[in-house]
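In what follows, a structure is listed as structure tokens, so that the remarks can point back to it.
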Amino acid sequence: MLGAPAINTRITALLKCRYPLVLPGMSWISTPELVAAVSNAGGVGILATGPLNATQTRESIRRVRSLTDKPFGIGATLLMPGARENAVVALEEEVPLINVSLGKAEWIAEGLQAYGGTLLSTVTNAKHAEAAIQAGADALMVTGHEAAAHGGDVTSLVLVPSLAAHFPETPIVAAGGFANGRGLAGALVLGADAIAMGSRFAVTKDSPLAQATKEAIVDAGESETIYGKNFDGIPARVLRTTASQKVMARRPFLATIVFRAFQAAQKLGMPIWKVLPGLLTQWDKMFIVAQFGAATEAITKATVDGNVAEGVQFIGQSAGMINDIPSVDDLVQRIMEEARHVSTEKACLFEELDFVSNRVA
Ligand SMILES: Cc1cc2nc3c(=O)[nH]c(=O)nc-3n(C[C@H](O)[C@H](O)[C@H](O)COP(=O)(O)O)c2cc1C
Numbered sequence: 053m054l055g056a057p058a059i060n061t062r063i064t065a066l067l068k069c070r071y072p073l074v075l076p077g078m079s080w081i082s083t084p085e086l087v088a089a090v091s092n093a094g095g096v097g098i099l100a101t102g103p104l105n106a107t108q109t110r111e112s113i114r115r116v117r118s119l120t121d122k123p124f125g126i127g128a129t130l131l132m133p134g135a136r137e138n139a140v141v142a143l144e145e146e147v148p149l150i151n152v153s154l155g156k157a158e159w160i161a162e163g164l165q166a167y168g169g170t171l172l173s174t175v176t177n178a179k180h181a182e183a184a185i186q187a188g189a190d191a192l193m194v195t196g197h198e199a200a201a202h203g204g205d206v207t208s209l210v211l212v213p214s215l216a217a218h219f220p221e222t223p224i225v226a227a228g229g230f231a232n233g234r235g236l237a238g239a240l241v242l243g244a245d246a247i248a249m250g251s252r253f254a255v256t257k258d259s260p261l262a263q264a265t266k267e268a269i270v271d272a273g274e275s276e277t278i279y280g281k282n283f284d285g286i287p288a289r290v291l292r293t294t295a296s297q298k299v300m301a302r303r304p305f306l307a308t309i310v311f312r313a314f315q316a317a318q319k320l321g322m323p324i325w326k327v328l329p330g331l332l333t334q335w336d337k338m339f340i341v342a343q344f345g346a347a348t349e350a351i352t353k354a355t356v357d358g359n360v361a362e363g364v365q366f367i368g369q370s371a372g373m374i375n376d377i378p379s380v381d382d383l384v385q386r387i388m389e390e391a392r393h394v395s396t397e398k399a400c401l402f403e404e405l406d407f408v409s410n411r412v413a
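If you read the sequence shown in our numbering, its first letter stands for residue 53, the second for the next number, and so on.
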């Protein structure tokens with residue numbers, strides 16, 4: 053169903069999609085099925101490759117292509133073991149969009165240029181944005197403090213217009229705190245060219261997120277998240293539960309982190325000999341990478357098993373605006389209609405003002 057009129061922004065032109073709505077890569081959630089559902093609904097889905105090895109990434113890309121002929125992307129958190137190999141596969145498969153974070157991406161930009169693909173770099177401040185543009189980013193995913201998982205220090209309300217003013221030539225996808233048509237309209241006014249919605253798309257009928265977890269998010273308000281760096285090493289926002297409060301309260305011992313990280317790598321089918329060289333060559337970042345790996349057990353408990361009480365669930369402040377579990381199709385149509393409605397309503401306010409001031413004059 054593609055009822056709402058298409059809109060034209062720099063992002064819809066760049067990514068060749070109907071609506072300026074992006075599904076970001078979310079481990080265990082942005083699967084080929086959800087990616088294709090969002091792309092088929094007129095947005096752009098980004099496949100999460102965090103839990104995948106190179107073979108699985110190739111299979112997943114091909115699975116997306118069997119479900120949609122629309123544009124889509126893959127995500128690569130370059131700091132993590134295996135991410136580089138997954139990005140190589142995406143280039144070989146000529147995936148139209150690659151979304152990178154936490155790493156040097158010049159070689160990916162070059163690879164994409166060879167077939168006309170797009171590099172979308174996730175950033176949380178002006179310094180990172182500058183570096184990403186220097187490295188060849190075609191567009192920025194600007195992620196505010198409200199976001200699920202790894203948003204920055206500054207809220208979207210300030211970060212988006214600030215970076216839009218700093219980098220007027222670069223299209224922006226605003227992420228963090230967007231979940232409805234008002235948010236889309238607001239983001240466009242702030243200077244964005246599209247929005248990415250993680251929390252909102254995660255709570256749809258098409259999403260593989262566990263049903264009990266979807267329901268817990270529907271019940272949660274905007275204040276029921278916590279933000280801290282003790283969970284996976286990078287400041288992250290998660291659903292506030294007894295378990296997550298405990299996890300965030302203090303940093304675990306290094307030995308526990310390393311042990312859990314290797315356990316997680318093994319579960320993902322990554323042999324230690326493959327993980328170790330990456331860790332040793334990035335010694336300064338080793339602690340973060342290990343803590344990231346160590347967090348996977350708690351994440352999958354909530355995300356895959358639906359055990360919100362014992363697991364830890366990434367979720368944004370937009371949980372307070374998520375009150376139902378619609379299909380991706382219905383959600384996309386609702387958002388586009390609402391954005392059009394509120395934009396027209398607000399434009400009328402200015403027309404009325406012109407009318408009044410003309411009469412006074
Ligand atoms: C359930 C869930 C899982 C996520 N997993 C990841 C992840 O694995 N890697 C990542 O870079 N971001 C992850 N994110 C963050 C999103 O990519 C995105 O930045 C964020 O959802 C945007 O903010 P929003 O939730 O307010 O829409 C996740 C978000 C959610 C809601």
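From the three backbone atoms N, C-alpha and C, an ideal C-beta is built for every residue, glycine too.
Counting the other CB atoms within 10 Å of its CB gives D376 a total below 16, which places it among the exposed residues. Going by DSSP, M300 is part of the alpha helix (DSSP H) stretching over T294 to A301.
Around the beta carbon of L99, a 10 Å sphere encloses 16 or more other beta carbons of the protein chains shown; the residue is thus reported as buried. Note: L73 is bridge-paired with I247 in the DSSP secondary-structure output.
For S153, the shortest separation between its Cβ and any heavy atom of ligand 1 lies below 7 Å. Here Q297 is exposed, its C-beta having fewer than 16 other C-beta atoms within 10 Å. At a threshold of 7 Å, S251 counts as near ligand 1, since its beta carbon sits closer than that to one of the ligand's heavy atoms.
For V96, the enclosing beta strand (DSSP E) stretches over residues V96 to A100. For T107, the three-state secondary structure derived from DSSP is helix. In the displayed model, L171 falls within a strand according to three-state DSSP.
R117 and E403 have their C-alpha atoms roughly 46 Å apart. Residue side-chain check: M78 places its Cβ nearer than 7 Å to a non-hydrogen atom of ligand 1.
The C-beta of C400 has fewer than 16 other C-beta atoms within 10 Å across all chains shown, which makes the residue exposed. Annotation for I367 indicates a beta carbon within 7 Å of some heavy atom of ligand 1. For L192, the three-state secondary structure derived from DSSP is strand.
In this chain, the beta strand (DSSP E) harbouring G127 covers F124 to T129. A contact is defined here as three or more CB-CB pairs under 8 Å, and the segment 101-120 fails this definition with respect to the segment 149-159. The beta-bridge partner set that DSSP reports for R289 consists of A201 and Y279.
Nearest Cα to V90 within the set T174, F366 and P378: P378. When distances are taken from the beta-carbon of F230 to the heavy atoms of ligand 1, the shortest one is below 7 Å. Annotation for T207 indicates a beta carbon at 7 Å or more from all heavy atoms of ligand 1.
Fewer than three Cβ pairs drawn from the segment 226-235 and the segment 346-355 lie within less than 8 Å of each other, which leaves the two stretches out of contact.
Under DSSP, the beta-bridge partners assigned to N151 are G127 and L172. Spatial neighbours of V290 in its own chain (CB-CB distance under 7 Å, excluding positions within 5 residues in sequence) are listed in chain order as T277, I278, F283, S296, V364, Q365, F366 and I367. Not one heavy atom of ligand 1 falls within 7 Å of the beta-carbon of G238.
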